[in-house]
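Colleague: Numbering (this note's numbering), first residue to last: 105 to 516.
Where is the CB? At the ideal position from N, CA and C, for every residue including glycine.
As the structure is a computational prediction, the values presented were derived from the model and not from experiment.
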Ligand SMILES: *Cc1c(COP(=O)(O)O)cnc(C)c1O
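1. When you compare the CB positions of residue 287 and residue 442, do they come within less than 8 Å of one another, or not?
2. Just to confirm my understanding: we take residue 481, look at its own chain, exclude 5 residues before and 5 after, and list those with CB closer than 7 Å. What are they?
3. With hydrogens ignored, establish whether the beta-carbon of residue 333 is closer than 7 Å to any heavy atom of ligand 1.
4. Among the candidates 388, 123, 254, 426, whose CA atom is the shortest distance from the CA of residue 217?
5. Cβ of residue 240 within 7 Å of any heavy atom in ligand 1?
6. Mark residue 109 as exposed unless 16 or more other C-beta atoms lie within 10 angstroms of its C-beta, in which case mark it buried.
7. Determine the extent of the beta strand (DSSP E) in which residue 283 is found, giving its start and end residues.
8. Do you know whose CA, among 490, 451, 472, lies nearest residue 466's CA?
9. What's the gap between the Cα of residue 119 and the Cα of residue 141?
10. So is the beta-carbon of residue 212 under 7 Å away from any non-hydrogen atom of ligand 1?
11. Would you say the stretch 356-367 touches the stretch 398-407, given that touching needs at least three Cβ pairs under 8 Å?
12. Which residues in the same chain have their Cβ closer than 6 Å to the Cβ of residue 244, if we skip the five residues on either side of it in sequence?
13. Just checking residue 358 against ligand 1 - is the residue's beta carbon closer than 7 Å to any of the ligand's heavy atoms?
14. Whose CA, out of 233, 236, 241, lies closest to the CA of residue 221?
15. Could you spell out the range, first to last residue, of the beta strand (DSSP E) harbouring residue 369?
16. With which residues is residue 145 paired in a DSSP beta bridge?
17. Within the chosen definition, does the stretch 332-343 reach the stretch 426-443 through at least 3 CB pairs nearer than 8 Å?
18. For residue 194 versus residue 184, is the C-beta spacing smaller than 8 Å?
19. Threshold first: 4 residues or longer. Then list the alpha helix (DSSP H) segments lying entirely within the stretch 237-271, N to C.
20. Rounded to whole angstroms, what's the CA-CA distance from residue 356 to residue 510? Just pull it up for me.
21. Got a sec: does ligand 1 put a non-hydrogen atom nearer than 7 Å to the Cβ of residue 217?
22. What is the residue span of the alpha helix (DSSP H) that residue 167 lies within?
23. Can the beta-carbon of residue 417 be found closer than 8 Å to that of residue 428?
24. Would you list, in sequence order, the uninterrupted beta strand (DSSP E) runs of no fewer than 3 residues that lie entirely inside the stretch 296-359?
25. Just checking residue 368 against ligand 1 - is the residue's beta carbon closer than 7 Å to any of the ligand's heavy atoms?
26. For ligand 1, I want to know if residue 449 counts as a neighbour, meaning its beta carbon is within less than 7 Å of at least one of the ligand's heavy atoms.
27. If we call anything under 8 Å between Cβ atoms a contact, is residue 359 one with residue 196?
28. Put residue 129 into one of helix, strand or coil per three-state DSSP.
29. Is the Cβ-Cβ distance between residue 258 and residue 234 less than 8 Å?
30. In this structure, what does DSSP give as the bridge partners for residue 206?
31. Less than 7 Å separating the Cβ of residue 440 from some heavy atom of ligand 1?
32. Going straight from the alpha carbon of residue 478 to that of residue 265, what length do you get?
33. Select from 189, 238, 204 the residue whose C-alpha is nearest the C-alpha of residue 211.
Okay, here's the thing in structure tokens:
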């Protein structure tokens with residue numbers, strides 16, 4: 105057989121309960137999904153605000169389709185860049201107070217492209233990032249020429265050592281990165297602390313080396329992957345750049361989560377964005393997202409700022425945490441829409457997820473290597489679409505089924 109490793113890999117995964125399989129969703133209405141002719145309450149969606157079904161977003165999508173057709177039909181640097189793309193970029197710049205923005209077809213492409221842009225072959229960058237950064241960023245760093253150092257998750261003492269160990273003459277070619285809200289744990293990155301560490305290291309290096317011409321040239325950039333914070337966190341819902349924290353130089357966000365459409369963006373300096381428009385192969389050699397998606401996304405940004413759905417979401421998060429606490433269910437620390445219940449083995453996570461499905465609840469098991477060994481878990485995502493009774497049903501089912509599956513609880 106040719107390419108034998110394919111089958112070998114699959115068998116290995118299957119026997120370790122780590123085989124990934126897709127399920128076909130045949131309908132999605134409100135908080136319900138239909139799989140194999142059965143309806144489930146969906147606690148697996150990243151559509152935190154329910155905007156993917158919002159009639160105003162859908163109308164803008166339809167308007168965009170009738171004005172521009174279903175495809176952008178070309179790369180952004182050929183003829184795929186429409187006035188709707190331009191308007192969306194400009195709305196992002198205004199919302200995030202940054203001079204320039206560009207759109208990508210996915211957050212994965214955006215992160216990968218960013219790492220390549222900052223670390224071309226002939227000029228390796230130093231990247232210091234949180235251990236739990238998303239696979240798209242880590243893969244981007246690994247595939248670029250960057251010298252990658254990861255600090256323990258949210259461990260600022262370790263981050264400080266990593267930042268202080270950056271070569272002083274290469275501080276200006278260094279990137280420090282974390283996430284606004286971590287995708288598997290739901291906790292927040294320590295952006296303000298990292299920003300302080302960067303400033304402190306940069307000024308210490310300046311004092312030590314007076315020959316350095318200018319500070320900004322010698323300062324690491326701070327980059328935030330805001331995939332799960334954009335739309336959910338911040339004064340106007342625009343995530344980590346929407347709270348007065350200075351010194352975020354680059355921010356990546358996706359439209360595939362709270363925004364309810366698809367695609368992604370990067371905001372930053374005009375030089376960075378111009379460079380990427382010219383050099384990022386993910387951008388130059390890829391069809392632009394459709395104008396219709398761009399138009400629907402602009403409408404979603406308006407709704408995010410108004411904040412009605414965000415308020416419902418945060419009410420739901422509070423209710424869920426409160427009900428879990430009352431039942432003695434220990435959740436991972438999180439104020440976001442992502443709530444984790446650790447079970448400790450892939451087998452237990454899968455079995456409990458299946459049991460919940462029997463009860464009509466769609467709650468995915470997340471297993472190693474997506475999360476560290478022995479932290480296999482249920483990853484519950486809440487949405488503005490959930491009603492109180494949905495959340496009550498979930499907590500009832502969790503507390504009823506967990507004794508059979510949880511190793512951590514029986515040990516405690
Ligand atoms: C989902 C996600 C991405 C990738 O975004 P897509 O638009 O889905 O490709 C990047 N970073 C984080 C933290 C994510 O959760």
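Modeller: According to the structure data:
1. yes
2. 444, 445, 446, 447, 453, 470, 475
3. no
4. 388
5. yes
6. exposed
7. 278-283
8. 490
9. 29 Å
10. yes
11. yes
12. 215, 216, 219
13. yes
14. 241
15. 368-372
16. 136, 465
17. yes
18. no
19. 239-247, 260-268
20. 36 Å
21. no
22. 159-172
23. no
24. 325-329, 354-358
25. yes
26. no
27. no
28. strand
29. yes
30. 370
31. no
32. 27 Å
33. 238
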